[in-house]
Structures are given as structure tokens and as C-alpha cells.
């Protein structure tokens with residue numbers, strides 16, 4: 001999955017209009033059944049997906065790079081980066097154009113999900 005927007009001191013955004021299979025399914029089911037609890041902490045390194053979608057076909061992933069006061073108004077927060085914050089910070093430093101699009105491809109190759117009990 002490629003990041004298509006990198007907004008320094010705010011958020012990095014990735015996703016695909018065709019969906020991402022298991023990740024899309026997992027977050028969609030959580031939204032529909034109310035299983036997501038939003039974070040009240042407004043922290044950096046939170047993982048979320050938009051509360052509203054235009055067509056319902058794609059999957060968008062947001063990773064915050066700084067605390068965002070209106071986080072709960074815009075995103076379903078479903079996780080947190082617990083290892084690799086340095087990688088997120090490196091992504092935040094890539095060169096972008098005037099529309100915050102990375103000039104070179106940047107993406108996620110592998111991810112491990114942990115469920116907190």
C-alpha cells in the first residue's frame with residue numbers, strides 16, 4: 001500500500017481505491033458493529049480510517065504524526081504504532097509536491113497487528 005499524501009506535522013495517508021482485502025474487511029466490520037473505540041488522547045502515531053467514505057469501495061489508512069485535536073471528529077481510531085515510530089518519522093520527511101504527494105513512492109510492505117486484551 002502506497003502513501004499518497006504526506007503532510008508534515010499532521011498525518012500520512014495511504015490506501016487504495018480497490019480495497020486491501022483483510023485489512024479493509026477487518027475495519028469495515030468494526031465500523032458496522034461499533035467495535036472501534038476512539039482515542040481521547042489525540043496522540044501521534046494513531047492509526048485510523050475515515051468515518052465517512054465517498055463510495056464505500058476503497059480503504060484509506062491514516063497515521064498521525066502529531067497530536068490532532070479533532071481526531072475523533074474525523075477518524076475511527078483502531079490502533080497505534082507500537083514499534084517503528086522512527087519509520088513513520090522518516091516517511092514524514094520525504095519530499096512532496098505542492099499537493100503533499102510524495103515525489104518518490106513510499107509504502108507499507110509488511111505489518112503485524114496485535115490485539116490488546
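In full-length UniProt numbering, the protein residues as written are 1 to 117.
Backbone N, C-alpha and C define an ideal beta-carbon position, used for all residues, glycine too.
On a predicted model such as this, the values are computed, not experimentally measured, just so you know.
Nearest residue (CA-CA) to residue i, options the options
i	options	result
residue 8	87, 48, 91, 70	91
residue 106	68, 87, 52	87
residue 72	104, 43, 5	43
residue 67	115, 45, 81, 109	45
residue 115	81, 70, 50, 49	81
Beta-carbon proximity of residue i to residue j, cut-off 8 Å
i	j	result
residue 11	residue 96	no
residue 47	residue 77	yes
residue 1	residue 61	yes
residue 79	residue 15	no
Buried versus exposed, by CB contacts within 10 Å (16 or more), residue i
i	result
residue 52	exposed
Neighbourhood of residue i by C-beta distance below 6 Å, restricted to the same chain and skipping five residues each side
i	result
residue 5	13, 100
residue 50	60
residue 85	45
Residues near residue i in its chain [Cβ-Cβ closer than 8 Å; skip 5 each side]
i	result
residue 94	6, 102, 103, 104, 106
Same chain, Cβ closer than 7 Å to residue i, neighbours up to 5 away in sequence not counted
i	result
residue 69	42
residue 3	12, 13, 14, 91, 102, 106, 107
Below-8 Å beta-carbon distance, residue i vs any chain D residue
i	result
residue 112	Structure shown: chain D not included; a single protein chain is present.
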